[in-house]
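In short: position in the sequence shown from 1, add 126, done, that's our numbering.
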Amino acid sequence: MNLYVGMEKTPNQTTNIKRNVTAIILAAGKGTRMKSPLPKVLHPVAGQPMIARIIDACRKAEIQDLRIVVGHGAALVKTVLENKTVFFYEQKEQFGTADAVRSADVESLEDDVIILNGDHPLIESEDLANFVREFRDEKLDIGLVTTKLPEPGSFGRIVRNAGELYAIVEAKDASAETLKINEINTGIYVLKAQVLKELLPQIKNENAQKEFYLTDIISLAIENKKKVKTIPGNKRVASGVNSQKELAQASTHVFRARAEKLMEQGVVIIDSNNVYIEETVHVGPGSVIYPGVYLKGKTAIGSFCLVEPHCFIQDCVIGDSVQIKAGSYLESSVVQSKCSLGPYARLRPDTELAEEVHIGNFVEVKKSKLGKKTKAAHLAYIGDAEIGEECNIGCGTIFVNYLPNKSKHKTKVGNHAFIGSDVQLVAPLEVGSNATIGAGSVITKDVPDGALAVTRASQVIKENYKPKR
Ligand code: UD1
Ligand code: MG
Numbered sequence: 127m128n129l130y131v132g133m134e135k136t137p138n139q140t141t142n143i144k145r146n147v148t149a150i151i152l153a154a155g156k157g158t159r160m161k162s163p164l165p166k167v168l169h170p171v172a173g174q175p176m177i178a179r180i181i182d183a184c185r186k187a188e189i190q191d192l193r194i195v196v197g198h199g200a201a202l203v204k205t206v207l208e209n210k211t212v213f214f215y216e217q218k219e220q221f222g223t224a225d226a227v228r229s230a231d232v233e234s235l236e237d238d239v240i241i242l243n244g245d246h247p248l249i250e251s252e253d254l255a256n257f258v259r260e261f262r263d264e265k266l267d268i269g270l271v272t273t274k275l276p277e278p279g280s281f282g283r284i285v286r287n288a289g290e291l292y293a294i295v296e297a298k299d300a301s302a303e304t305l306k307i308n309e310i311n312t313g314i315y316v317l318k319a320q321v322l323k324e325l326l327p328q329i330k331n332e333n334a335q336k337e338f339y340l341t342d343i344i345s346l347a348i349e350n351k352k353k354v355k356t357i358p359g360n361k362r363v364a365s366g367v368n369s370q371k372e373l374a375q376a377s378t379h380v381f382r383a384r385a386e387k388l389m390e391q392g393v394v395i396i397d398s399n400n401v402y403i404e405e406t407v408h409v410g411p412g413s414v415i416y417p418g419v420y421l422k423g424k425t426a427i428g429s430f431c432l433v434e435p436h437c438f439i440q441d442c443v444i445g446d447s448v449q450i451k452a453g454s455y456l457e458s459s460v461v462q463s464k465c466s467l468g469p470y471a472r473l474r475p476d477t478e479l480a481e482e483v484h485i486g487n488f489v490e491v492k493k494s495k496l497g498k499k500t501k502a503a504h505l506a507y508i509g510d511a512e513i514g515e516e517c518n519i520g521c522g523t524i525f526v527n528y529l530p531n532k533s534k535h536k537t538k539v540g541n542h543a544f545i546g547s548d549v550q551l552v553a554p555l556e557v558g559s560n561a562t563i564g565a566g567s568v569i570t571k572d573v574p575d576g577a578l579a580v581t582r583a584s585q586v587i588k589e590n591y592k593p594k595r
């Protein structure tokens, strides 16, 4: 079945790869070796499903016609990729890589085709452009991307005859002698659509797995006098993910590369082997990132910030000279310059902190705006609040925003208000500017500007008191 999503399918006029290229990405396999219920190609590499990375690399190389062969977990794969402009083809049963290619409406292909495995997440747009360029410069019918690995493991082996490419032999079908070959099939093929249409139907399933191997196209092409050559790849494009270990290795590769890039741009990273900064994240020069930090999604951090150990920050915009102390957890919030947070601060979505706000240890803020220089230094919950400038929110204060009928209400606090320790502000509520709330009060009625509100019982002293036993 051919499911079409998004834009009209048109040959690209402005492509940097001159003729039309179609990419077929094989992503129908179960990924048995992953031992996970998630379809293999949806496993994330540094925060992004591996198949999404490959699609993005193709897009960046301006490949317009992108065909994804889905099968195992097809519905989920399609849902996750619904924002990507790609064509889906379903391979109902997984009879092997050649069968998967057959599912992608081969008859409709034109010009050149690049076939990629959905489990090689480290491929980059420049690789794709280089492979296609080499294929065209050499005027090939099929270009097979290979590389040499010290431990070739389960990769298909490249068998040569008098130095010329002769066949690919799968590790499962290889003799002990063949297994010693360390040149391997990366699973990347560039070929003429016409050649694919001619040879694909000839592939048989006579092998250990009783599968239709795409690898057999090489020996068939040689028999049919086609011009077939290897194109040099590298270890990175060959990094296939077949197990959780290989998945973690792929993520490590991306995180290390990102950390190195940021260090080149002047970010201080104390231990580049122990930070997890996604490629979508920006960090300004002069900022210091401590070990164990995870920066995710659309996060942008300014210059001269300090992010101490074990902070998790997702989709946040953070100004300059912000100090985020150890163990803080920040999501979808805006933090202006010179704020200080933590240790162990929590910002939940839709929080906005103006300049020089201080949020101390064990303070949780949700969907609230805090004005310049306001402080909540210890152990507080601030939810659905709008707080003015230079306010003090005392230790243990609770913004009581959640009523038994599950409705949520807002609290407004004016500039320079002083909220004493252990106060409960029961929303909906307005506390005026310069108002003072006595410690331990439960405030249920609005407090005017400049007023003092206290609700606790007055203190009683009984001298020389002897408790009754
Ligand atoms: C394959 C190659 C091997 C190469 C290696 C590179 C074959 C027979 N072998 O082995 O030579 O060295 O890739 O990583 O091609 N898939 C389908 N439908 C299927 C079977 C597989 O869509 O019926 C997809 C999988 O989802 C995966 C890709 O094809 O993305 C490769 O399949 P996999 O089972 O991982 O092949 P390998 O054993 O890695
Ligand atoms: Mg594989």
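Heads up, the beta-carbon is just placed ideally off N, CA and C, and yes, glycines get one too.
Per-residue burial, GLU482 [other beta carbons within 10 Å of its own, 16 or more giving buried]: buried
GLU405 versus ASP441, PRO530 and CYS437, residue with shortest Cα-Cα distance: ASP441
Opening and closing residue of the alpha helix (DSSP H) in which ILE348 lies: 342-349
Close beta carbons around SER280, own chain, < 6 Å, minus the five adjacent residues each side: ALA297
Boundaries of the alpha helix (DSSP H) in which HIS379 is found, first to last residue: 370-390
Proximity test, Cβ basis, 7 Å: LYS592 and chain D: Included in the structure is just one protein chain, with no chain D present.
Near ligand 1: LEU601 beta-carbon under 6 Å from a heavy atom: For residue 601 there is no data in the structure shown, the boundaries of the chain being 127 and 595.
Separation of VAL526 from TYR507, as counted between CA atoms: 8 Å
Assigned secondary structure, THR477 (DSSP; H/G/I helix, E/B strand, else coil): coil
Near ligand 1: ALA201 beta-carbon under 6 Å from a heavy atom: no
Any non-hydrogen atom of ligand 2 closer than 6 Å to ASN368 Cβ: yes
Residue environment, TYR591, which counts as buried when at least 16 other CB atoms sit within 10 Å: exposed
Straight-line Cα distance separating ASP572 from GLY546: 16 Å
Candidates HIS408, VAL401 and GLY410: closest to TYR416 by CA position: VAL401
Distance between GLY497 and LYS588 (C-alpha atoms, nearest Å): 44 Å
Simplified DSSP state of ASN142, which is helix, strand or coil: Bear in mind that the predicted position of ASN142 carries a pLDDT of just 47, short of 50, making it too unreliable to give a figure here.
Coil, strand or helix - GLN328 by DSSP: helix
LEU168, DSSP secondary structure in three states: helix
Three-way DSSP call (helix, strand, coil) for ALA426 in this model: strand
Best match in CYS184, GLY313, ALA553 and GLY576 for proximity to LYS532 [C-alpha to C-alpha]: ALA553
Inside the segment 200-263 only - beta strand (DSSP E) runs reaching at least 3 residues: 213-216 and 238-243
Proximity of ALA288 and SER345 at Cβ, strictly below 7 Å: no
Spatial distance of VAL407 from ASN518 (CA atoms): 33 Å
Own chain, CB closer than 6 Å to VAL285, minus 5 neighbours either side, in chain order: TYR292, ALA293 and VAL295
Cβ pair ARG283, ALA300 closer than 7 Å: yes
Buried versus exposed call for ARG384 [16 or more other C-beta atoms within 10 Å across all chains shown]: buried
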